[in-house]
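Participant: The listed protein sequences correspond, in order, to chains Z and F. The first sequence lines up with residues 3 to 320 when you count with our numbering. The second sequence lines up with residues 2 to 255 when you count with our numbering. Using N, Cα and C, we set each Cβ at its ideal position, and we do this for glycine too.
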Amino acid sequence: MRWLSNATVAHLRRVAEWPDLGATKYRLLGELGRGGMGTVYLAEDTALERRVALKVVATAASAPEAAERMLREARILAGLEHPGIVPVHDAGALPDGRVFYAMKRVDGQRLDALAASVPLPERLRIFRRICEAVAFAHARGVIHRDLKPENVMVGSFGEVLVMDWGVARVLSDPAPTGSPAAGSGASGATAEGTVVGTAGYMAPEQAEGAVASTGPRADVFALGGILAFLLRSEPAAPRALAAIVEKARARQPEDRYATAEELSAEINRYLEGERVLAHSEGVLERAGRVFARYRAAILLIVAYLVVRTLLLIFGRHS
Amino acid sequence: MRDDTGIGGRADRFPATRDSAVLAAQSSDLLERERGLAILVETYWKPAYKYLRLRFGESNEDAKDLTQGFFARAIEKDFFDGYDPARGSFRTYLRTCLERFAANEKKAASRQKRSPGGALLALDFANAESELHREPVSADRGPEDVFHDEFVRSLFALSIERLREECLVRGKDLPYRLFERYELDRDGDEKLSYERLAEEFHIPVTQVTNFLAFARREFRRIVLEKLREITANDREFREEARSLLGVGAGGVAP
Chain Z
3 MRWLSNATVA HLRRVAEWPD LGATKYRLLG ELGRGGMGTV YLAEDTALER
53 RVALKVVATA ASAPEAAERM LREARILAGL EHPGIVPVHD AGALPDGRVF
103 YAMKRVDGQR LDALAASVPL PERLRIFRRI CEAVAFAHAR GVIHRDLKPE
153 NVMVGSFGEV LVMDWGVARV LSDPAPTGSP AAGSGASGAT AEGTVVGTAG
203 YMAPEQAEGA VASTGPRADV FALGGILAFL LRSEPAAPRA LAAIVEKARA
253 RQPEDRYATA EELSAEINRY LEGERVLAHS EGVLERAGRV FARYRAAILL
303 IVAYLVVRTL LLIFGRHS
Chain F
2 MRDDTGIGGR ADRFPATRDS AVLAAQSSDL LERERGLAIL VETYWKPAYK
52 YLRLRFGESN EDAKDLTQGF FARAIEKDFF DGYDPARGSF RTYLRTCLER
102 FAANEKKAAS RQKRSPGGAL LALDFANAES ELHREPVSAD RGPEDVFHDE
152 FVRSLFALSI ERLREECLVR GKDLPYRLFE RYELDRDGDE KLSYERLAEE
202 FHIPVTQVTN FLAFARREFR RIVLEKLREI TANDREFREE ARSLLGVGAG
252 GVAP
């Protein structure tokens, strides 16, 4: 019997998970990442000669409900055609029986890794793009339920993509009757009482497993968490932005922004130097904001007035 | 697609159900019991020996005697009959039994020189000892980690051996040799590509990918089959598979 080094054992652990693409049009190129439900591989679509990302259900998690959840995610994504949502190209079962779907390969960085190296206005523009994608999903009755910086990719051409819709809730799905322990019904929908999401980004109602009342405002709460994350590298976050975070992350859903669009509009107001609705500003703060917004015009007027005054003074003396 | 992925999935998603060796070792049927015990000894003797050497600092000879003694006693005294799947994994149970056995043996005042007692098992200790010196254990690995690491190493080594045998019997020697070259013998050779393999073996690249896919699929099947063999029930099997293949729970539940 041969001896296996630690490196070989570690490699074999990955090999044991690698999908069998033998009878498919895909050629395995490597592993991109692992999640709770499956592993994402880099593959080549040999028919179209392009690189794609293959999400394959984990061997150890390949219970029927995991397979159904993976297919459900693919179908949800297929129904959400938006520049901010990763497009799905294909879905099916591999020769080894595992369910997979193929999606666009995004060349870029995860938001959590990228954020600190990007200036604040750019971070806020990225945030708005996230809000737009989420608002689009909400308009189609889909709640993401696991929004966090790790689930956002920023492409090398500045494109922003919301990923990992594995625990999304489709509002039109009937609530499954399974127990919370079962987690999800045969449809892949989450049973009442089941907690899905990530601590720190989960809305209180979501953390309590109140599936039926986890609506768009739960995603607004998570977006507030992402905004807070994006402000972390600021020595002192502007008060208006802090107020937006506070409103988005209000404990009661009715105290939050009603939609991701409203939240996006607030960020836009901040970027444009307009008054942010969530923040009551003082006189000085308002003056500072107005000055910042109309800086060029104000400076021109001041310069004009100074020149006119000087002309008047010197005109009289001469 | 739905035919393949409906509830329950394809029949080959999970290894064909084999009788659990753990349950077989508890059977009243003598032949069945022997079959189960043989599989358990084959899988666990090396992790047990290395664990005794590394965890208890036993000498080569003492660890050898303790390992022999432990498995001989386990067979004679039906140690494994006491295992209850509801209380944890068999692997943890076996390690606990081994620790207890080693501690009792150490305490035995009458012990001049350990005697394995019972029938001697044919175990290649020289080989196990030489393996210990080939790669030192990292300082950050605790006793449980060491036992788990050695268990995984043993499981994979046995699976590779079975893969080699099966490939040979089925006339699939080339896929095995490709697997061996690409997955097992490439330590440090990061530049090894499918193209280079195709040149080395004088076959087209497409055949390399197909053969490797076949061998990987078979390897996975055998690993899961072996795992199924050495676990008592489906829950334990899934937990071990998750632990073995490193699939975490991620940030979501379930």
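If you draw a straight line from the C-alpha of Asn-211 (chain F) to the C-alpha of Pro-176 (chain F), how long is it?
Facilitator: 9 Å
Participant: According to DSSP, which residues form a beta bridge with Phe-102 (chain Z)?
Facilitator: Paired residue(s): Z:Val-58 and Z:Gly-94.
Participant: When Cβ atoms are compared, which residues of the region 206-218 of chain F fall closer than 8 Å to chain Z?
Facilitator: Thr-210, Asn-211, Ala-214, Phe-215, Arg-217 and Arg-218
Participant: Can you name, in chain order, every residue of its own chain whose Cβ lies under 8 Å from the Cβ of Pro-123 (chain Z), other than the five neighbours on each side?
Facilitator: Leu-273
Participant: For Gly-187 (chain Z) and Ala-95 (chain Z), I'd like the C-alpha separation in whole angstroms.
Facilitator: Note that Gly-187 (chain Z) scores a pLDDT of 47, beneath 50, so its modelled location is shaky; the value from the coordinates is reported in the next line. If I take the Cα positions, the gap works out to 20 Å.
Participant: Per DSSP, Glu-46 (chain Z) forms a beta bridge with which residues?
Facilitator: Z:Arg-29 and Z:Arg-53
Participant: Helix, strand or coil: how does DSSP classify Met-72 (chain Z) here?
Facilitator: helix
Participant: Check the Cβ-Cβ distances between Ala-75 (chain F) and every residue of chain Z, and say whether any is below 9 Å.
Facilitator: no
Participant: Quick check on this structure: which residue in F:Leu-38, F:Asn-61, F:Tyr-52 and F:Glu-62 has the alpha carbon closest to the alpha carbon of Arg-74 (chain F)?
Facilitator: F:Leu-38
Participant: List, in chain order, every chain Z residue whose beta-carbon is nearer than 8 Å to that of Ala-158 (chain F).
Facilitator: Met-3, Arg-4, Trp-5 and Leu-6
Participant: Identify whether Gly-35 (chain Z) lies in helix, strand or coil by the three-state DSSP scheme.
Facilitator: In the structure shown, Gly-35 (chain Z) sits in a strand (DSSP, three-state: E or B).
Participant: Which residues bound the alpha helix (DSSP H) around Val-42 (chain F)?
Facilitator: 31-56
Participant: Label Pro-21 (chain Z) either buried or exposed according to how many other C-beta atoms from any shown protein chain fall within 10 Å of its C-beta, with 16 as the threshold for buried.
Facilitator: buried
Participant: Going by C-alpha distance, which of F:Ser-131, F:Asn-128 and F:Leu-124 is nearest Asp-66 (chain F)?
Facilitator: F:Leu-124
Participant: Can you tell me the Cβ-Cβ gap for Gln-111 (chain Z) and Val-156 (chain Z), rounded? I've got them flagged as a contact below 8 Å.
Facilitator: So it is a contact: roughly 6 Å between Cβ atoms.
Participant: Give the list of continuous beta strand (DSSP E) stretches no shorter than 3 residues that lie fully inside the region 219-299 of chain Z.
Facilitator: If we require 3 residues or more, the region 219-299 of chain Z turns out to have no beta strand (DSSP E) run fully inside it.
Participant: I think Arg-53 (chain Z) touches Arg-107 (chain Z), with their Cβ atoms under 8 Å apart; what is that distance to the nearest whole Å?
Facilitator: 5 Å
Participant: Leaving out five residues before and five after Ala-245 (chain Z) in sequence, what residues of the same chain have Cβ atoms less than 6 Å from its Cβ?
Facilitator: Excluding sequence positions up to five before and after Ala-245 (chain Z), its CB lies within less than 6 Å of the CB of Ala-280 and His-281, all in the same chain and listed in chain order.
Participant: So, with DSSP's three-state summary, where would you put Arg-107 (chain Z)?
Facilitator: coil
Participant: Closer than 7 Å by beta-carbon distance: list the chain Z residues that pair up with Ile-161 (chain F), in chain order.
Facilitator: Arg-4
Participant: Give a yes or no on whether the C-beta atoms belonging to Ala-25 (chain F) and Arg-36 (chain F) are separated by under 9 Å.
Facilitator: yes
Participant: Comparing the CB of Gly-99 (chain Z) with every heavy atom of the ligand NAP, is any distance shorter than 8 Å?
Facilitator: With respect to the ligand NAP, the structure offers nothing, as it holds no ligand at all.
Participant: Would you list, in chain order, the members of the region 132-144 of chain F that have their beta-carbon closer than 7 Å to a beta-carbon of chain Z?
Facilitator: Glu-132, Arg-135 and Glu-136
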